[in-house]
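Step one of this worksheet: look at the structure below.
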Amino acid sequence: MSVLDKLRSQKLLSLSLLLCTLAIGIVIGTLVNTGVRAAKDQVAAKDATPLVIPPVTKAPPNQFVELARRMEPTVVNISTEYAPATAKGGSRRGAPQDEDPGEEEDNAQDLFRRFFRNGPGGENAPPRAFRRSATGSGFLVDPNGYILTNLHVVEKADQIRVRMPNDSTEYRAKLIGSDEETDLAVLKVDAGRPLVPAKIGNSDAVQVGDWAVAIGSPFGLEATVTAGIVSATGRDIDGARAFQRFIQTDAAINPGNSGGPLLNINGEVIGINTAIATATGGYQGVGFALPVNTAVQVYNSVIRSGRMSRGSIGITFRKYGDEVLKALGLKEGVIVETVNRGGPAEKAGLKPDDVIVAINGKSVKNGDDLVTRISATPIGDQVTVVVDRGGKRIETKVTIADRDEQRQLSSGIPRTDRSEPSEKPEAVTSAKFGVRIRPTSESERTAADLEKGGVVVTTVDEGSFADDIGLQVRDIIVSINRQSISNIEEVRSMQARLKGGDAVAFRIMRPAPVPVQRQGQTSSSYLGTYIAGTLPNN
Numbered sequence: 007m008s009v010l011d012k013l014r015s016q017k018l019l020s021l022s023l024l025l026c027t028l029a030i031g032i033v034i035g036t037l038v039n040t041g042v043r044a045a046k047d048q049v050a051a052k053d054a055t056p057l058v059i060p061p062v063t064k065a066p067p068n069q070f071v072e073l074a075r076r077m078e079p080t081v082v083n084i085s086t087e088y089a090p091a092t093a094k095g096g097s098r099r100g101a102p103q104d105e106d107p108g109e110e111e112d113n114a115q116d117l118f119r120r121f122f123r124n125g126p127g128g129e130n131a132p133p134r135a136f137r138r139s140a141t142g143s144g145f146l147v148d149p150n151g152y153i154l155t156n157l158h159v160v161e162k163a164d165q166i167r168v169r170m171p172n173d174s175t176e177y178r179a180k181l182i183g184s185d186e187e188t189d190l191a192v193l194k195v196d197a198g199r200p201l202v203p204a205k206i207g208n209s210d211a212v213q214v215g216d217w218a219v220a221i222g223s224p225f226g227l228e229a230t231v232t233a234g235i236v237s238a239t240g241r242d243i244d245g246a247r248a249f250q251r252f253i254q255t256d257a258a259i260n261p262g263n264s265g266g267p268l269l270n271i272n273g274e275v276i277g278i279n280t281a282i283a284t285a286t287g288g289y290q291g292v293g294f295a296l297p298v299n300t301a302v303q304v305y306n307s308v309i310r311s312g313r314m315s316r317g318s319i320g321i322t323f324r325k326y327g328d329e330v331l332k333a334l335g336l337k338e339g340v341i342v343e344t345v346n347r348g349g350p351a352e353k354a355g356l357k358p359d360d361v362i363v364a365i366n367g368k369s370v371k372n373g374d375d376l377v378t379r380i381s382a383t384p385i386g387d388q389v390t391v392v393v394d395r396g397g398k399r400i401e402t403k404v405t406i407a408d409r410d411e412q413r414q415l416s417s418g419i420p421r422t423d424r425s426e427p428s429e430k431p432e433a434v435t436s437a438k439f440g441v442r443i444r445p446t447s448e449s450e451r452t453a454a455d456l457e458k459g460g461v462v463v464t465t466v467d468e469g470s471f472a473d474d475i476g477l478q479v480r481d482i483i484v485s486i487n488r489q490s491i492s493n494i495e496e497v498r499s500m501q502a503r504l505k506g507g508d509a510v511a512f513r514i515m516r517p518a519p520v521p522v523q524r525q526g527q528t529s530s531s532y533l534g535t536y537i538a539g540t541l542p543n544n
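Here the numbering used here = 1-based position in the sequence shown + 6.
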């Protein structure tokens, strides 16, 4: 190829590349220009109709809206401050309150103490107490500034502050009184003006399926309103105290809601939000409110005397299953375990193992029923008590005493001496029950405060009737179906009369984990109880 031909080829190649580049540029420019025009065309939507915000009009009646508006001035936010109790070399921890940072601040305080060698003052300087805060809810019940809330919201507090909705003022609150057994507290603020109290309802009228509305300050978010239904009433939950039987609801209750009201659809308070069941620490659809009727009783007592006063007849009892009552020939009632010496029950002639079946002509269903009715009776009043004693009905008058005083009489005190059984005669088999038994020794009768009789369980056959109902080695059987047991022959006689399907109740004395001595009563290393079951047919 000549030089001329090479030059021609190079020019042709360069021209071709130039033309291709130009063509590509034209195509890209066209596409970009088309996209811009399309975008401009979309913005200029000439055929679209502008939206119009309608004027404010009165909405159809809505009970939830009216309820929230009516309750707005009555529900308050409660904030507390307290210095955690400290011990030498560390801090003492308790259960966190609502919105309490808890362990995180403890860790920070420990780190601060280690770094500054016991505090900002240098080595050996006293540690500075880091103050903590917690929040909860409450509601006004009196125009003069009285507030109901949960005791656990304020029980640690050095300072209590209350804030009203739509009011930036923080009012210092005073604790008027409280009741640990219901976890309730009464506060008072001086706002300098009449306040708007909540309307109190009747929690006895609450039914499963009723609307339920909770108002409070979950996580510090004031005046939060949630709604659900009543899921259950009279709910007894783990950890509940003596006078706590809850209304269960699925209205959202979270930390910070404690002490706030649970309302019916009419805006009446039916409960005080107290607890939740949760695996996460937050709402999972199961919340609990203390019935307002219980709260009213506590409130009225606290404003009169500064504390909750309850009645008592001076006995103790234990909860038993239906099998025990069935074996005693009864469907319901409360079995008396101990009677305080010098107390109202003893003066009226009541004895251990009596079964209280009625008060003032109305049957007693169980221990909760007994406690509720006796505690609500004014101190000094008399009640008519009917007991079943060995199958016979006995009626007596009992004067109501102060519950706190009677509880002190029945409180246990550690005892240092303990009699150990020394006599151990040969055991005899009790085949139908599945135990081996022997007579009691004198030392055992002394330790159990028995004048005579009783037999000691020495062996319990695995899988037997006795094993199934919970009889244990060293139990002393003192009666079977209310028939006193003085010796082994009486056990055999009782067995001969029993057949499969019969209910059997053993009254036993069981060695106490810690020997106790009750004030006003004989000391004992044993505690009495009933164990019952139904004999198998084979």
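Think of the CB as a built atom: it goes at the ideal place given N, C-alpha and C, for glycine as much as any other residue.
Contact belief for residue i with residue j at Cβ below 8 Å, rounded distance in angstroms
i             : j              : result
alanine 354   : threonine 402  : 5 Å
aspartate 244 : glycine 291    : 17 Å between Cβ atoms; not a contact.
valine 342    : aspartate 360  : 5 Å
threonine 228 : proline 171    : It is glutamate, not threonine, that sits at residue 228 in the sequence shown. Between proline 171 and glutamate 228 the Cβ distance is about 6 Å, and since that is below 8 Å, they are a contact.
serine 209    : asparagine 299 : 5 Å
valine 404    : valine 363     : Going by Cβ atoms, the distance from valine 404 to valine 363 rounds to 14 Å, so no, they are not a contact pair.
Residues bridged to residue i [DSSP beta-bridge criterion]
i              : result
arginine 316   : Answer is none; arginine 316 lacks a bridge partner.
serine 174     : None, per the DSSP bridge assignment.
proline 517    : Tyr532
glutamine 254  : Ala238, Phe294
proline 445    : Val461
glutamate 87   : Ser139, Gln165
isoleucine 278 : Pro267, Leu296
leucine 154    : Phe145, Val192
glutamate 401  : Val392
aspartate 185  : Leu190
threonine 286  : According to DSSP, which records beta bridges pairwise, threonine 286 is partnered with nothing at all.
valine 81      : Phe145
alanine 407    : Ser318
Residue i, enclosing beta strand (DSSP E) - first and last residue
i           : result
alanine 218 : 217 to 222
valine 345  : 340 to 345
valine 389  : 388 to 395
serine 485  : 482 to 486
alanine 364 : 361 to 365
Closest residue to residue i among the options (Cα-Cα distance)
i                 : options                        : result
glutamine 478     : Gln489, Glu72, Val462          : Val462
threonine 280     : Asn263, Ser499, Arg137, Gly198 : Asn263
glycine 183       : Ile276, Ser311, Ile486         : Ser311
alanine 211       : Pro203, Asp196, Gly226, Ile253 : Ile253
isoleucine 206    : Val219, Asn156, Lys180, Val147 : Val147
lysine 368        : Glu338, Gly348, Glu72, Gln213  : Glu338
serine 237        : Val231, Gln250, Val219, Pro224 : Val219
threonine 155     : Ile537, Ile400, Glu186         : Glu186
phenylalanine 294 : Met77, Arg409, Leu269          : Leu269
glutamine 165     : Ser174, Pro90, Leu456, Asp216  : Pro90
aspartate 473     : Lys194, Gly240, Phe439, Phe225 : Phe439
glutamine 501     : Thr540, Met515, Gly534, Gly469 : Thr540
asparagine 306    : Ile491, Ala382, Leu504         : Ala382
tyrosine 532      : Asn543, Ala538, Pro519, Lys458 : Pro519
isoleucine 321    : Arg442, Ile153, Val195, Val377 : Val377
Simplified DSSP state of residue i, which is helix, strand or coil
i                 : result
phenylalanine 439 : coil
asparagine 306    : helix
leucine 551       : In the structure as shown, the chain starts at 7 and stops at 544, and residue 551 therefore has no counterpart that could be examined.
alanine 328       : What sits at residue 328 in the sequence shown is aspartate, not alanine. Looking at aspartate 328 - three-state DSSP - the assignment turns out to be helix.
glutamine 412     : helix
leucine 334       : coil
threonine 300     : helix
alanine 163       : coil
serine 139        : strand
alanine 211       : helix
isoleucine 491    : coil
Residue range of the alpha helix (DSSP H) that includes residue i
i             : result
glutamine 69  : 69 to 77
glycine 373   : 373 to 381
alanine 453   : 448 to 453
aspartate 474 : 471 to 475
glutamate 352 : 350 to 353
CB contact check: residue i to chain D, cutoff 8 Å
i          : result
valine 389 : Absent from the structure is chain D; it holds one protein chain and no more.
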